Amino acid sequence: MSERQVRFSGALPKTAKILSQILLPSEPLVIRDLLGRISIALDADRAQHADVLLRLREEMASLGAFAGSPAVLCSDDFFEPAKIFNDPSIMQFAVPGTELSLSLLDRQVTGQEWTFTPKEADSSALKPAVPTLAFFGLKGGVGRSTALAMLAYNLAKSGKRVLLIDLDLESPGLSRLLLPLERLADFGIVDWLVEDAVGQGAEVCERMISVSPLSDNTRGEIRLAAASGREDDYYLDKLSRVYAEVSGFPHLSRFSDRVRRLIETLKVQESPDVILIDSRAGLHDLAGLSIVGLASIAFLYSTVAAQSWQGYRSLFSHWQCRPEVARYVRERLKIVSAMFPESDQAARSKAFLEHSYSLFADTLYDDVRPGDDGLSETELFNFDISDSSSPHYPLRIRWSGRFQEFDPLEIPNGLFREEEIRASYGEFLDGAAELIEDLA
Amino acid sequence: MPPSRPIDFPSSARRHIQDALLLEERGRLPNAGHLYGLAAECGLKAILIWHGHPTDAEGSPQRPFREHVDKLLISHNMTAITTFLTGRSGAHYLSLIPSISNFSDWSASHRYFSESSLPASLHKWRQGAVEIGQMLDYALTEGRK
């Protein structure tokens, strides 16, 4: 009996197969509810197509516990069917390993951010865009924030005004790294989120930016929107409310819409040349928002020790099933080889490159088939394994005992020689600078 | 599966809004307004029940929410509903019906009133009821019914 039970993973492929075998009166919309149960919605008259609807209902029953109830919905089940059938979050879902695809309205509890690309209208309104670099790792503790601080310092030295945004709300640390306590602003991002929800965001915005002493003697400036402010009593009480959707006119605001609005406001207020976002680690909504919703470049941190490759594969496969998102996001990714060890470098470097290449080639790069040679190569998104401009080719940060548990605020005091910094971070800093140039 | 109960708030809400729209279209305004209010009541009660508020045998919510929409809003206030609801889901459904407070001047007793004594609030009530309908559509796609 248990062998015949349909599991979550099997339900959508089975639905695609059923839909490919029945001629339906209208384009089917597949709705997957919060528990993963699947219904088919048809923009059709129930009475006129009773036979085919009955057959569809019988077929859908084979999904067992993952069949929606009802498994077939018609226009008249809804108050405003047009709104459902034209929901902007509907996307094409390509069933892996098959030629089948379907229109999917996927209702999730969390995780929508991984597929929520900025709308064209939004991105054109933002022009000229401020280069926005997100720092992400599947696991913490790989030196992400330190590298971010190094890049901020380097950019400030070259005269850039850099705005840092700490979106690692559940594990904030950027302000501790870059600010003595007395320089911390009154408020943080979490304060803005709770105050804005009751209409008091504007004043908070003006009092949430700290200036890091790291940029004191540079031509530029490092300005920081920290997660919490000096008045950070009740941090958890605030944090536990920030993900709520908030009623607004004319539409409700999702968490991601609100963060985007905050960043747009800060862009006007701060006029940054570059924005660096410290994303939360792991497969969390905040990371999805940072990478897919906000970044012009997302640095994906990984170590030679490969535990994270499986995690990246899960994430990339999620995008692969949603071709529109995959096409958008793959142009913004850059792998970073973090904590590159001092020993056995040639072999480890090769292993890292191979892991990274096969990850991208299997999921996000276009297939180059034998017959495709005549096809314009510019239309295909594909790279040679040794192409250093490709998303899979890593920027390397070399591990050094000198930079473990170190305090970036000591850099201006001359405790670290330029050569030491370059030896560890040179490749990353140059690569990042080049990517920023390309965006400008 | 709980035993089937006669009360089905989502479908009743949808039916009341559709009938109210029809009445309004035909110029039967006082009863249109009356039905918008009943529709909103059904929508709010649907949300409460999805989130575990206990019901009687027929499926109607128990105290303190055995009320029409105006009482749901005033005597216990929306704060009563927001206090009962917790978690992302409750906040999510309430965020979809921002105009629900439009019903604060609606009354079940209006059905006994002369037409000239009714508040001129029909368009506000329609807005509130339409949001209820849209919220219920959204909930249906999330597997709530």
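For the record, the sequence lines run as chains B and S.
So for the first sequence, this note's numbering puts the first residue at 1; every next one is plus one.
So for the second sequence, this note's numbering puts the first residue at 441; every next one is plus one.
All residues carry an ideal CB built from backbone N, CA and C; glycine is no exception.
Since the model is a prediction, treat every value here as computed from it, not as a measurement.
- prompt: Near alanine 65 of chain B, what residues of its chain come up, given a Cβ to Cβ distance below 8 Å and the 5 sequence neighbours on each side ignored?
  reply: Same-chain partners within the cutoff: Gln5, Val6, Arg37.
query: On the three-pair Cβ rule with 8 Å, is the region 286-305 of chain B touching the region 105-115 of chain B?
result: yes
task: Starting from the N-terminal side, write out each stretch of the beta strand (DSSP E) that is 3 residues or longer and does not extend beyond the region 324-387 of chain B.
output: Runs of the beta strand (DSSP E) inside the region 324-387 of chain B: 333-340.
query: With 16 other CB atoms within 10 Å as the buried threshold, where does asparagine 217 of chain B fall?
result: In summary, asparagine 217 of chain B is exposed, with fewer than 16 beta-carbon neighbours lying within 10 Å of its beta-carbon over all protein chains present.
- prompt: Taking DSSP as the reference, what is the three-state secondary structure of tyrosine 235 of chain B?
  reply: helix
- prompt: Do isoleucine 489 of chain S and proline 501 of chain S have their CB atoms nearer than 9 Å?
  reply: yes
- request: Could you have a look at isoleucine 537 of chain S and say whether DSSP puts it in helix, strand or coil?
  value: coil
query: Sorted by chain position, which residues of the same chain lie with C-beta nearer than 8 Å to glutamate 410 of chain B's C-beta, five sequence neighbours on each side aside?
result: Phe416
task: Between the Cα of proline 272 of chain B and those of B:Met91, B:Leu133, B:Leu435, B:Gly10, spot the shortest distance and give me the residue it belongs to.
output: Considering only alpha carbons, the answer is B:Leu133.
query: In three-state DSSP terms, what is arginine 566 of chain S?
result: helix
- request: Below 8 Å CB to CB, which residues in the same chain sit around threonine 146 of chain B once its five sequence neighbours on both sides are set aside?
  value: By the criterion of a C-beta distance shorter than 8 Å, threonine 146 of chain B is surrounded in its chain by Leu177, Phe403, Phe406, Pro408, once the five residues flanking it on both sides are discounted.
- request: Give a yes or no on whether the C-beta atoms belonging to leucine 151 of chain B and leucine 224 of chain B are separated by under 9 Å.
  value: no
message: Distance check for phenylalanine 8 of chain B and arginine 468 of chain S, CA to CA, integer angstroms please.
response: 50 Å
query: Whose Cβ in chain S lies nearer than 9 Å to the Cβ of isoleucine 84 of chain B?
result: Asp577, Tyr578, Leu580, Thr581
- prompt: Beta-carbon separation of proline 450 of chain S and alanine 579 of chain S under 9 Å?
  reply: yes
- prompt: How would you list, in chain order, the residues of chain B whose beta-carbon sits under 9 Å from the beta-carbon of serine 547 of chain S?
  reply: What serine 547 of chain S touches in chain B: nothing, since even the nearest Cβ is about 24 Å away.
task: Rank B:Ser247, B:Val268, B:Lys267, B:Tyr243 by C-alpha distance to the C-alpha of serine 256 of chain B and give the top, closest one.
output: B:Tyr243
query: Hey, out of B:Glu342, B:Ser337, B:Glu434, B:Asp191, whose CA is closest to phenylalanine 136 of chain B's CA?
result: B:Ser337
message: Whole angstroms are fine: how far does the CA of arginine 161 of chain B sit from the CA of aspartate 186 of chain B?
response: Going by the C-alpha atoms only, they are around 21 Å apart.
- request: Evaluate methionine 441 of chain S with the Cβ neighbour count: other Cβ atoms within 10 Å of its Cβ, from every protein chain shown; 16 or more gives buried, anything less gives exposed.
  value: With a pLDDT of only 46 at methionine 441 of chain S, under 50, the local geometry of the prediction cannot be trusted, and the value read off the model is given with reservation. Label assigned to methionine 441 of chain S: exposed.
Short Cβ contact (9 Å threshold) for tryptophan 319 of chain B with leucine 359 of chain B: no
query: Can you list the residues of chain S that serine 247 of chain B reaches, using a CB-CB cut of under 7 Å?
result: Ser535, Pro538, listed in chain order.
- request: Measuring only between beta-carbons, confirm whether glutamate 195 of chain B sits less than 9 Å from chain S.
  value: no
- request: For leucine 468 of chain B, name the three-state secondary structure that DSSP assigns.
  value: With chain B running from 1 to 440 in the structure shown, residue 468 of chain B is simply not present.
- prompt: Do leucine 558 of chain S and phenylalanine 79 of chain B have their CB atoms nearer than 9 Å?
  reply: no
- request: Please report the residue range of the beta strand (DSSP E) in which arginine 161 of chain B lies.
  value: 161-166
- request: With DSSP as the reference, please indicate the residues paired to glutamate 182 of chain B in a beta bridge.
  value: Note: glutamate 182 of chain B sits in no beta bridge, so no partner.
message: Suppose you measure from the CA of isoleucine 465 of chain B to the CA of isoleucine 537 of chain S; what does that come to, to the nearest Å?
response: As displayed, chain B neither begins before 1 nor continues past 440, which places residue 465 of chain B out of reach and without an answer.
Distance CB(glycine 282 of chain B)-CB(glycine 229 of chain B) smaller than 9 Å: no
- prompt: Does the Cβ-Cβ distance between histidine 456 of chain S and leucine 484 of chain S come in under 9 Å?
  reply: Not closer than 9 Å, so no.
query: For histidine 392 of chain B, does the count of other Cβ atoms within 10 angstroms reach 16, so buried, or fall short, so exposed?
result: So histidine 392 of chain B counts as buried.
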